[in-house]
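Right, one structure below, let's go through it.
See below:
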């Protein structure tokens, strides 16, 4: 029950069908997510 602990995707199909590809590396995405945590707390209060 509750939220999913984690998720991932393989975006190859999006590239094939839509011409879309990720702009961030995994490392950049993790860094940005960690940097967002204090902002999230300020905005949402938790």
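Numbering (this note's numbering), first residue to last: 2 to 47. Each residue gets a CB set at the ideal place from its N, CA and C atoms; glycine is no exception.
Asked, Found
"Looking at the structure shown, is residue 6 part of a helix, part of a strand, or coil, going by DSSP?", "coil"
"Report yes if the C-beta distance between residue 28 and residue 21 is below 7 Å; otherwise report no.", "no"
"Could you tell me which uninterrupted beta strand (DSSP E) segments, each at least 3 residues in length, are contained entirely in the region 17-45, listed from first to last along the chain?", "none"
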